[in-house]
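Below is one structure; the comments refer to it alone.
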Amino acid sequence: MASKYQAPRGTFDILPAQARARARIERAAAAIFARAGYEPIATPAFEDTELFERGVGRSTDIVRKEMFTFEDKGGRSITLRPEGTAPICRAYIEHGMHKLAQPVKLSYLGPFFRHERPQAGRHRQFHQLGAEAIGTDSPLADVEAIMLLADLLAELGTPGVELRLGSLGSLDSRRAYLEELKAHLHAHEGELSRDVRERIDLNPLRAFDADDEGTQAVMAAAPTIVERLDGEDAEHFAEVRALLEAAGIEHTIDPALVRGLDYYTRTIFSFVCEGLGAQSEIGGGGRYDGLIEQLGGPPTPAVGWAAGIERILLALGEDGGAPGRDVFVVVAEDGQRQRALTLAGELRHAGLSAEVDLAGRSLKGQLKHADRLGARRALILEADGSAQLRDMGTGRQRPVDTARLIDEVAGGGS
RNA sequence: GUGGGCGUAGCUCAGCAGGUAGAGCUCCUGGUUGUGGUCCAGGCGGUCGCCGGUUCGAAUCCGGUCGCUCACCCCA
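According to numbering that gives the first Met the number 0, the first sequence is numbered sequentially starting from 0.
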């Protein structure tokens with residue numbers, strides 16, 4: 000344990016057992032994305048700092064205190080990406096994707112970086128997978144996106160998942176609403192908990208999920224943003240809700256739903272999972288109709304989400320299980336080692352997993368090793384050139400002809 | 001950035017009215033003159049996070065520091 004070097008704070012090594020559990024998630028997501036036509040895209044792990052300042056918003060915690068920012072040798076300010084949507088929008092604009100058939104549907108998977116104090120479900124380098132549908136303001140796109148994440152979580156068997164839904168309206172109506180909410184809170188300052196009172200101007204929405212009674216009473220009479228949506232925004236939200244109902248996706252309206260980025264408009268949503276610790280959000284997203292224009296592109300509505308892979312793993316409680324092997328080739332006598340490797344090669348070319356002892360173990364040691372690896376069968380090569388195929392489950396073995404090895408292994412049960 | 005808990009073998013931990021380090025698991029070897037999974041024996045493996053202080057003597061006490069972890073904040 001006294002190793003001199005450790006993975007940097009908030010980072011971690013993904014060891015083989017973990018890698019297997021992650022691979023399952025990644026495969027499931029890739030299949031869901033492919034079937035729905037969300038094509039993979041990958042953007043760099045770092046971008047110009049300004050992309051995030053303009054895209055995510057200078058007032059957000061992410062930009063104010065959580066970015067890994069440094070200067071490159073040319074004096075440019077570079078930032079390790081804290082989120083995936085702004086870079087994808089940058090790519091959309093840079094490659095003129097507005098000229099493609101709209102919407103452009105994309106999916107991604109990769110590492111992201113935020114300089115936060117680590118805790119359960121929160122790391123400095125973490126992994127997200129996500130989807131974006133760019134170029135349509137149809138509520139159908141909002142619901143299709145939500146369906147993808149709901150499907151993924153369901154297919155993985157994630158327990159206790161809940162969908163929270165909200166709408167922010169346009170940037171203007173959102174700003175107006177927040178002023179109204181602050182005014183309401185200021186008018187009742189005396190009845191609020193100290194915590195909430197101190198954050199009225201910083202984060203008034205948080206007052207909605209305060210536990211103390213005084214605050215709850217004030218919030219019961221507070222305006223909600225959903226009530227303040229104007230005509231088109233209200234209609235859009237109603238359609239999203241109706242479509243979710245039609246798709247059989249349960250959800251609850253949450254007036255306090257918070258997103259960490261400034262660019263969201265209209266629909267926002269969050270999948271939460273109890274029992275994850277303090278970081279209960281497993282994935283979330285929303286519509287960002289103004290972002291692409293904000294970044295210098297043509298006015299382009301879009302919707303998308305991201306989910307935290309570490310959070311999904313936490314919710315699944317998975318360890319990855321044992322890898323297993325189809326065959327372990329054992330030698331009864333050292334002179335057979337070269338032949339063992341050759342035969343393992345044949346098995347591998349046939350699509351089977353096969354290993355040989357690389358450590359000079361005794362016959363007994365090799366079988367023990369095969370057992371530890373979870374090998375289903377052991378092929379034992381005798382000094383006289385004959386061979387036995389041993390079923391590691393039952394302990395039964397029979398002679399086999401290594402000239403017809405693939406047939407022998409594929410055919411017989413043992 | 002703030003607060004709580006914790007830092008002893010690869011892993012999980014015991015040891016702590018201060019006397020100079022242990023267990024289980026893992027791994028390797030043997031018991032089994034060819035054959036694993038149970039059992040038994042042996043072996044490998046530790047600057048007791050680091051620095052300093054008290055003491056004849058510290059893993060055990062004190063101070064500092066670093067790290068991990070949980071929570072606040074905030075979020076994937």
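Note that CB positions come from ideal geometry on N, CA and C, so glycine has one too. The structure presented is a predicted model; accordingly, all values stated were derived computationally and were not measured.
Since residue 390 sits in a beta bridge, which residues does DSSP pair it with? DSSP output for residue 390 lists 376 as bridge partner(s).
* Per DSSP, residue 303 forms a beta bridge with which residues? -> Within the DSSP bridge table, the entry for residue 303 names 131, 285 as partners.
Since I believe residue 351 is in contact with residue 89 (beta carbons under 8 Å), could you give me their beta-carbon distance rounded to a whole number of angstroms? The beta carbons of residue 89 and residue 351 sit about 45 Å from each other, so the pair does not count as a contact at 8 Å.
Where the alpha helix (DSSP H) through residue 15 begins and ends:
15-35 is the span of the alpha helix (DSSP H), which, as asked, contains residue 15.
Near residue 78, which residues of its chain fall below 7 Å by C-beta distance, leaving aside the five closest residues on each side in sequence?
Answer for residue 78: 45, 46, 48, 51, 66, 67, 68, listed in chain order.
Looking at the unbroken alpha helix (DSSP H) that takes in residue 347, where does it start and where does it end? That run of the alpha helix (DSSP H) goes 336-348.
Review point. Would residue 339 pass as a contact of residue 330 if the rule is Cβ separation under 8 Å?
Key: Closer than 8 Å, so yes.
ask   = Taking the runs of the alpha helix (DSSP H) that are 4 residues or longer, which of them lie wholly in the region 77-157?
value = Every unbroken stretch of the alpha helix (DSSP H) spanning 4 or more residues and falling wholly within the region 77-157 is given here in chain order: 84-93, 138-155.
Excluding five sequence neighbours on each side, which residues of the same chain lie with their C-beta closer than 7 Å to the C-beta of residue 282? Closer than 7 Å at the Cβ level, and outside the excluded window around residue 282, lie 148, 270, 304, 305, 306, 307.
Practice task
Taking residue 275 and residue 138 to be in contact with their CB atoms under 8 Å, please state how far apart those CB atoms are, rounded to whole angstroms.
Solution key: Going by Cβ atoms, the distance from residue 275 to residue 138 rounds to 29 Å, so no, they are not a contact pair.
For this session: Find the nearest neighbour of residue 124 within the set 117, 111, 135, 200, judged by alpha-carbon distance.
Result: Out of 117, 111, 135, 200, 111 has the C-alpha closest to the C-alpha of residue 124.
Review point. Which of the three DSSP states, helix, strand or coil, is assigned to residue 164?
Key: Three-state DSSP puts residue 164 in a strand.
- Message: So for residue 450, helix, strand or coil by DSSP?
- Response: Because the chain spans 0 through 413 in this model, residue 450 falls outside it and cannot be assessed.
- prompt: Using CA coordinates, which residue listed in 61, 289, 202 is at the minimum distance from residue 185?
  reply: Distance check between residue 185 and each of 61, 289, 202 places 202 closest, using alpha-carbon atoms only.
Would you call the region 341-349 in contact with the region 365-375, where contact means no fewer than 3 C-beta pairs closer than 8 Å? They do not touch, by the three-pair rule.
| said: Strictly by DSSP, which residues pair up with residue 46? | reply: Answer by DSSP bridge pairing, in chain order: 78.
Note to self: Suppose only complete runs of 4+ residues qualify. What are the alpha helix (DSSP H) ranges in the region 167-197, listed by chain order?
What the structure shows: With a minimum length of 4 residues, the unbroken runs of alpha helix (DSSP H) contained wholly in the region 167-197 fall at 170-186, 193-197.
*With DSSP collapsed to three states, give me the class of residue 293.*
The answer is helix: DSSP assigns residue 293 an H, G or I state.
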